[in-house]
Each structure stands twice: as structure tokens, then as C-alpha cells.
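Positions in the sequence shown are counted from 1; adding 92 to them yields the working numbering.
Note that CB positions come from ideal geometry on N, CA and C, so glycine has one too.
Keep in mind the model is a prediction, meaning the values are calculated, not measured.
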Amino acid sequence: MVNKMRLLDKVVCLYNEKPQNVAFSYFEGKEKIYKTYKETYEAVCACRQHYYQGKEKRIGLLATNSWMWVCHMLGMFASGAVVALLDPLLPVEDLILAADRADLDMLVIEDDLKELGEKVKEKLPKIEISSFCNMTFEDGMDENIENWKEGDAIFFTSGTSKHSKVVVIPTCNIAGQILANMEILRHKSDEIMMNPLPFHHSFGFVMLNMFYEAGCQIFISSMKTILSDIKKVQPNVLALVPNAVDFLLKKQCLKDPIKAIIVAGSYCPPELAAQVREQNVIIQNNYGSSELPCGIANNLPEDDVDTLTLHSYAQVKIAEDQEVIVTDPYHMKEYYKNPEETAEVLKGDTVYTGDMGFLDENGKLHILGRKKNMIVMDNGEKVLCTDVDAELTALSQIKEGAVIYKDKMLIAVVVPKEGLKKEDVKEAVEGYNRTQPYYRRIRKVWIYGEALPYTSSGKLHRSRLEREYNSQNDSVF
């Protein structure tokens, strides 16, 4: 059964059912601020009126996580706008490119980012720049909700393989999928949910709206303040990417009253999940993508994180080359102005995920990795990059390791452990090669620097390493 609803419907429902309950909390300096469902509804109404009266129908939202971000985002969608959710940490050149590719009429920015807005305006004079407006959220505001529209959301893929794509998702698809997915949140409405993920990221966006759908208090955090926020707020449930889970484990922060972690965005190693469970914390791995933002499968609490139970609405087939092919009613509309790549990925209600996997005898899904992380060598041999990455990183002399394929050879990109020299790394790689078949042997080593590059969702930026390699001959041996 396909659920039909609007992303805004729950805002209205919770306003009617429990207007004085706390919807959001956050810190302003040392003061903790609380916003009720009533205040949130009224703010969304005011934002909706503001954007509905304007001529701009393709709007970019550029701001860090905040209650105002939420209200403006919902108000924009309720006005019927197409809303591009932009990363405020993007280099200015990438931000300008994203705004241009999304054909934005307006860019709405928070006050602290005015200088960034001016740089965008300089390169793209057609775009109107607007800051968060000082609206009066009048008590008792009453709108005819039936007149509210439902716009589309634009996310940008991480671009770890080739280039970032402009992914258009109907918000009614996100809302319907959240409703169908609510079994993931087996939690009480009086529990505190912490979402430090950037709201512009598809997973952070979905968890924000899923927590709201559950009627839970959402504490608005960020990765910059997560340690102090956990200590002060004592949350019950966290939404995180695997890198953040590892960070909190090392800081010994996963303690009572934290009960559960919902993780997505990149590969979650089983050994990481095992460490979380040792803290008596449930970990649920939600498998999805920018094209399927709410996910199509998750592990049950009793299963390993790489044993995924399909959601009731998702049908999965495995192609001959092991690609995971998903048919479900909730998916992206298109890659904007990119019909060729859209046709490669989306065929009717079927999405070709680009991931490799298999279904076990119980019908549960196991993900092996990205097809684009599979190196097919000139001799026909295949090497899964993530396997080699893990093997290199496990070497005692190496802090981080990854593999790239250039000039018809496997090249290790490594960050040595502190105090170790080139000779130590060379010895480690030579020892590794002695354990490998000929086609998996490392032919060159590139000592990268202090840390390998990752995207905001914790994925290795392999394509960046491939682009940078040819200019790094001095550190290659």
C-alpha cells in the first residue's frame, strides 16, 4: 500500500493535538531554548506566507542547523517552491556551481553567511540574496491548510565517484516513505532525539522529519558541539554517520541514557556496531541513498548491521553483476537537467542503486560495496577497493590507507602513524604484497598527509585522490 501524505501534515496534526508540548530545543549561548509545536506551526505559517507572495519558485537554503532553518524549509515547501538544500561548508566555487546548476531564483542565507552570499551574487547576478527575515509569528494564526502546496527538495550527491548530481525528490515521496518507515523508531514520544547531522544532507533531513513525525522532542545539535551537547542534554536516541559513531566511542560518550543509534550515510563496519552493542546501545543501520533518501532496509536489533530486513514497500532483485535493483513507490524524480544519467538509474519505479549485494536464504539483504568501488583491471581481474582499504589500514605502520587505480596499477594512498618514516611504510606494504595474489599487489605508494579526504557523510573521496595523484610525484615511491 502506498502512503499519500504531505510533509506539512504532521506540523498541523501536532499543533492540534499537543500545541504546548516541546517540539525542538537548542542552546543559544548558555541558555537552553524550547520551541513548542504551536510556535513551530505559527512560524511555518508565517514563512509560507512570505515565500508564497514572492515570485521566486526555485529557492536555495544556505544555513547551519537551527530551528529557523526548519521553519523556513517547511514554509518554502508549503509555498510550492523547489528548495535546494545547500551545504554552508562548501568552498565558494562549489557553492556557486551548485546554485547555478539548480537554476535558483533566490538564495536564503543566515546572517553569519552574508559575505558568502555576496560572492555568489557577484558570480550569479540573476539570483536574489535574502537573509532569514525578521517575521512576527502571530498567536492564533489560522490558515486554510488545504491551500498549502508541496514542493520538491533538491539534494546534491557527494560526488565521490565522478561529479555531484542534482537530485530532485518530491517531498510527498519523502513523507510517504517516512510514514511507511516508522517501525524504525520504536521509541516513546517523551524521549529526546538528538540530530547533529547537517540538515541539508539527505539522511540528516530524513531523520529530522522522522523524529518530528514520531512526536519526539528534537534537540538541534551539530558535530562541532556534540560532545558538550550530549553531556548537557542527556539524549536517548542519536542519528549519526559511522565516522561520528567511532568518534563518540573513542570519547567514551555512548552511555546511559543513550538507548539507540540510527546510522546511515556510508558503510557501517560490523566491528564498529559490536563496540556500540558492548555499551548496551541498540544500533540500527538504515540502508538508502540520495535517490532513495528514506532507505529501503535496516537491520533488526537482533541482527548484525550488515543483515538488512527489507521494508514492506521495497522489492529487491540482484542483477548478474550483483547490482542491487530496487522497486518501490518512493524515489527521486530525476537528476535535474540530466536525462541521460536519470535514465541509467531510474526506470519507472525501479532504481538501479550502483551498490553490489546479495539476498540470503531468508530474503535479507547484504551490501558488498559500490560498483564504482570495484576496480576491473586490464587483465579482467576484479578488486573491491573497500576490502583493500581495510587491509591497508589494518597494517600496524599505517594510520589510514586507501587504494586507487592509475596507470594500470594499484596504488596505495597512506597516512603513516606518527613518527614512522617512508622506509617503515615501504616495509609494511612489501609485507602486505607477500600475502596477496599478483593482481592485488600494490605497485606504488603515495604518502598523503595528515588525513585522507572524506565527504560530509563520511565517505572516502576516492575521486579526489585520483585527480590529485598526478601532481604528487615527490611523495610517491
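When secondary structure is reduced to three states using DSSP, residue 561 falls in the helix class. In this structure, residue 329 and residue 386 do not form a Cβ contact; the two beta carbons are roughly 17 Å apart against a cut-off of 8 Å. In the DSSP assignment, residue 508 falls within the unbroken beta strand (DSSP E) covering 501-508.
Secondary structure note for residue 262: its beta strand (DSSP E) is the uninterrupted segment 258-262. Looking at 260, 348, 181 and 434, the one whose alpha-carbon comes closest to that of residue 369 is 348. Residue 429 and residue 419 have their C-alpha atoms roughly 23 Å apart. Cβ-Cβ separation between residue 212 and residue 167: approximately 22 Å, too far for a contact (criterion under 8 Å). Secondary structure remark: continuous beta strand (DSSP E) runs of at least 3 residues inside the segment 168-210, in chain order: 174-178 and 198-201. Apart from the 5 residues on each side of it in sequence, residue 113 sits with its Cβ closer than 7 Å to the Cβ of 128 and 129 in its chain, given in chain order.
The three-state reading of DSSP puts residue 159 in helix, counting H, G and I together.
Comparing alpha-carbon positions, the option among 179, 139 and 484 lying closest to residue 155 turns out to be 179. In the three-state DSSP reduction, residue 403 falls in the coil class, being neither helix nor strand.
Residue 495 sits in a strand when the DSSP states are folded into three classes. As DSSP reads the structure, residue 245 sits in a beta bridge with 175 and 261. As the crow flies, the alpha-carbon of residue 569 is around 28 Å from that of residue 462.
If you look at residue 383, you'll find it isn't in any alpha helix (DSSP H); DSSP assigns it neither H nor E. Boundaries of the alpha helix (DSSP H) around residue 433: 431-437.
The DSSP-derived three-state label of residue 164 is helix. Across the structure, residue 556 and residue 540 are spaced so that their CA atoms are roughly 12 Å apart. Linking residue 308 to residue 282 through their CA atoms gives a straight-line distance of about 6 Å. Taking C-beta separations shorter than 6 Å and ignoring five residues to either side along the sequence, the partners of residue 174 in its chain run 150, 243 and 244, following chain order. Shown here for residue 433: same chain residues with a beta carbon closer than 6 Å to its own, the five before and five after excluded, namely 427 in chain order. Straight across, the Cα-Cα distance linking residue 337 with residue 547 is about 16 Å. Comparing C-alpha distances from residue 399 to each of 377, 121, 414 and 201 shows the shortest one belongs to 377. When the beta-carbon positions are compared, residue 364 and residue 443 stay at least 7 Å from each other.
Residue 404 counts as exposed, since fewer than 16 other beta carbons sit within 10 angstroms of its beta carbon. DSSP, reduced to helix, strand and coil, places residue 332 within a strand of the structure shown. For the set 306, 353 and 302, the Cα lying nearest the Cα of residue 327 is the one of 353. Apart from sequence neighbours up to five positions away, no residue of its chain approaches residue 452 with a beta-carbon distance below 6 Å. Put simply, the backbone Cα of residue 101 is about 36 Å away from that of residue 339.
Relative to residue 265, the option among 480, 421 and 482 whose CA is nearest is 421.
Per DSSP, the unbroken beta strand (DSSP E) holding residue 115 starts and ends at 114-120. Between the alpha carbons of residue 522 and residue 545 lies a distance of about 25 Å. Under the 10 Å beta carbon count, residue 318 is surrounded by 16 or more other beta carbons and is classified as buried. Spatial neighbours of residue 314 in its own chain (CB-CB distance under 6 Å, excluding positions within 5 residues in sequence) are listed in chain order as 157 and 288. Closest in alpha carbon position to residue 561, among 144, 494, 478 and 145, is 494.
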